[in-house]
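J.: Numbering (my numbering), first residue to last: 145 to 553.
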Amino acid sequence: MGLQPVAISPGITWVGVLDPALRVFDIIMETEYGTSYNSYLVRGSKGTALVETVKENFAEEFLARLRAVEDPAGLSYIVCNHTEPDHTGALLRVLEAAPKATVLASETGVRFLRDMFRVDFPVRAVRDGEEVDLGGRTLRFIGAPFLHWPDSMFTYVPEDAVLFTCDVFGAHYADERVFDDAMGDFAGAQRYYFEVLFSPFRKHLLTALEKIQNLPLSVIAPSHGPVLRREPRQYVDRYAAWTREEAPSEKKRVVVLYVSSYGSTEKLARAIASGIGEAGVDVELINGRETTPLAVMHRVDAADGLLVGSPTFNGRAVSTIWWLLGLVTPIVNRGKPAAAFGSYGWSGEAAYQIEDFLKGMRFDIVQEPLRVRQKPSEDDLAAAEAFGRRFATSVLQAEAKKVSGEGSS
């Protein structure tokens with residue numbers, strides 16, 4: 145079994161598992177420090193609850209750690225704050241060992257669980273503010289939808305001032321010392337985790353943070369990374385500050401992202417950027433060789449429009465562009481003006497492929513792709529500047545429609 149269960153407070157015990165060898169999570173997140181799948185046992189005089197389970201391939205290790213402090217057969221409840229498989233993968237195996245347990249989740253969570261497992265088991269939906277009495281300890285459920293799935297909720301134990309937040313306040317960080325005040329500096333891992341998972345959901349985060357603003361907090365217990373007991377309120381304040389960082393600018397801004405092999409697509413990008421600036425819109429020119437997917441996501445999320453350029457290589461856009469766009473999401477960018485451009489040697493598919501991607505991400509394609517064969521001529525560069533001016537006009541018109549309410553439903 146290795147690592148022993150760890151007491152979080154009287155009656156609450158960490159029984160999770162560590163995954164220190166993990167280097168990529170959910171396909172898109174780098175996990176330099178591995179991760180943990182945190183699970184917590186909450187005991188009362190009348191009942192016992194398990195908050196979260198773990199990833200499926202750790203089920204046996206998890207059950208062994210749980211059995212070191214509690215016979216699963218005595219469990220009354222299993223709380224699923226969030227139903228993603230890294231938290232529920234071991235659920236059916238736990239239910240085999242806990243035949244008396246009822247699963248508690250949000251209404252959406254119950255639906256997701258049924259869709260995931262396609263088998264019957266005791267499960268009940270709990271409402272925002274609902275409480276379950278364990279005898280001397282209470283589970284209070286706090287709705288926190290879209291953090292980062294629509295099923296998400298928090299669970300609070302007021303008697304101990306312990307808040308279970310699933311992914312919120314988490315980090316991909318595996319450390320046997322479990323607590324934040326026993327570890328080294330994990331702030332970078334926590335910030336990266338926030339940016340990838342939660343920056344698209346800033347409005348939902350602010351709503352959830354408001355709900356917990358006045359709760360006494362002795363411990364914040366997320367489902368990944370350190371258990372937070374060193375001034376836990378600082379983590380709430382930190383999230384609030386991060387959530388408010390991208391204040392909207394009064395002046396409209398466009399991102400021009402490009403990759404260039406021999407300089408032709410870069411010349412187009414610079415000419416387009418010049419045209420955008422001439423039209424009175426701020427422009428941020430990003431060379432794809434000098435950035436990262438996370439940085440691109442931030443800049444695009446904060447922008448009012450997006451232009452993407454790539455040369456054509458073997459009938460397709462270069463792989464760097466797809467990598468850089470990998471974290472861009474329609475959640476934040478739906479309806480923003482967008483268009484594509486690029487130079488090519490003979491076939492020129494890249495700009496059309498990028499346009500199709502942007503359509504799929506629910507951007508509003510406002511003009512046909514700009515495509516130039518080989519090295520741009522002076523006329524081509526003049527056309528690129530005009531392309532930029534037209535795009536800037538589309539951005540300004542989109543804002544005018546938004547202000548007037550035109551096109552709203």
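Cβ atoms here follow ideal geometry from the backbone N, Cα and C, with glycine treated the same way. Note that the structure is a prediction, hence the values are computed from the model and not measured.
1. Just checking, does the stretch 338-348 make contact with the stretch 437-446 on the three C-beta pairs under 8 Å criterion?
2. Is M327 helix, strand or coil when you go by DSSP?
3. Quick check: the Cα distance between S552 and P154, rounded to an integer number of angstroms?
4. If you follow the beta strand (DSSP E) that E428 is part of, which residue opens it and which one closes it?
5. Helix, strand or coil, according to DSSP, for L359 in the structure here?
6. List, from N- to C-terminal side, the beta strand (DSSP E) runs of 3 residues or more that fit wholly inside the stretch 180-254.
7. Work out the CA separation of G421 and R533 for me, nearest whole Å.
8. Looking at the secondary structure, which residues open and close the alpha helix (DSSP H) in which Y300 lies?
9. Nearest by alpha-carbon distance to N458: which of A494, V476, W293 and N358 is it?
10. Since E196 and N182 are thought to touch, with beta carbons under 8 Å apart, how far apart are those beta carbons, to the nearest angstrom?
11. Hey, could you find the ends of the alpha helix (DSSP H) W386 is sitting in?
12. Go through its chain and collect everything with a Cβ distance to T227's Cβ below 8 Å, but skip five positions before and after it.
13. For E394, is the beta carbon positioned less than 7 Å from some heavy atom of the ligand HEM?
14. I'd like to know whether the C-beta atoms of V380 and I430 end up nearer to each other than 8 Å.
15. Pick out whichever of S404, K545, S220 and T351 has its Cα sitting closest to the Cα of M297.
16. Can you tell me where the alpha helix (DSSP H) holding S487 begins and where it ends?
17. In terms of residue numbering, what span does the alpha helix (DSSP H) encompassing I416 cover?
18. Does DSSP put L401 in a helix, a strand or coil?
19. To the nearest angstrom, report how far apart G287 and F265 are at their CA atoms.
T.: So, to answer that:
1. yes
2. If you number the sequence shown from 1, residue 327 lands on position 183. Note: M327 maps to coil in three-state DSSP.
3. As a working note, residue 552 is residue 408 in the sequence shown. As a working note, residue 154 is residue 10 in the sequence shown. Confidence at S552 is low in this model, with a pLDDT of 37, below 50, so its placement is unreliable and no value can be given for it.
4. Walking along the sequence shown from the start, residue 428 turns up at place 284. Note, E428: beta strand (DSSP E), D426 to N431.
5. Walking along the sequence shown from the start, residue 359 turns up at place 215. Residue state, collapsed to three classes: coil.
6. 184-187, 192-195, 221-223 and 246-249
7. The residue labelled residue 533 in the question sits at position 389 within the sequence shown. The residue labelled residue 421 in the question sits at position 277 within the sequence shown. About 8 Å.
8. Counting from 1 along the sequence shown, the entry for residue 300 is found at position 156. Unbroken run through Y300 is the beta strand (DSSP E), M297 to V301; no alpha helix (DSSP H).
9. Numbered from its first residue, the sequence shown carries residue 458 at position 314. Of A494, V476, W293 and N358, the residue nearest in Cα terms is A494.
10. Locating residue 196 in the sequence shown gives position 52, where the first residue counts as 1. Locating residue 182 in the sequence shown gives position 38, where the first residue counts as 1. With a Cβ gap of about 7 Å, E196 and N182 count as contacting.
11. On the sequence shown, position 242 is the one that residue 386 refers to. From DSSP, the alpha helix (DSSP H) with W386 extends over R377 to T387.
12. Against the sequence shown, residue 227 aligns to sequence position 83. Within the same chain, T227 has close Cβ partners A249, G253, F256, L257, M260, W293 and D295.
13. Absent from the structure shown: the ligand HEM. Ligands present: none.
14. What you label residue 380 is simply residue 236 of the sequence shown in a count that begins at 1. What you label residue 430 is simply residue 286 of the sequence shown in a count that begins at 1. Taking 8 Å as the Cβ cut-off, V380 and I430 do not qualify as a contacting pair.
15. For this step, residue 297 is matched to residue 153 along the sequence shown. When each option's Cα is compared against that of M297, the closest is T351.
16. Along the sequence shown, read from residue 1 onward, the residue named residue 487 stands at position 343. Here S487 belongs to no alpha helix (DSSP H); instead the beta strand (DSSP E) covers P481 to Y488.
17. If you number the sequence shown from 1, residue 416 lands on position 272. S408 to E422 is the span of the alpha helix (DSSP H), which, as asked, contains I416.
18. Along the sequence shown, read from residue 1 onward, the residue named residue 401 stands at position 257. Looking at L401 - three-state DSSP - the assignment turns out to be strand.
19. To locate residue 287, count along the sequence shown from 1; it is residue 143. To locate residue 265, count along the sequence shown from 1; it is residue 121. Computed Cα separation, rounded: 23 Å.
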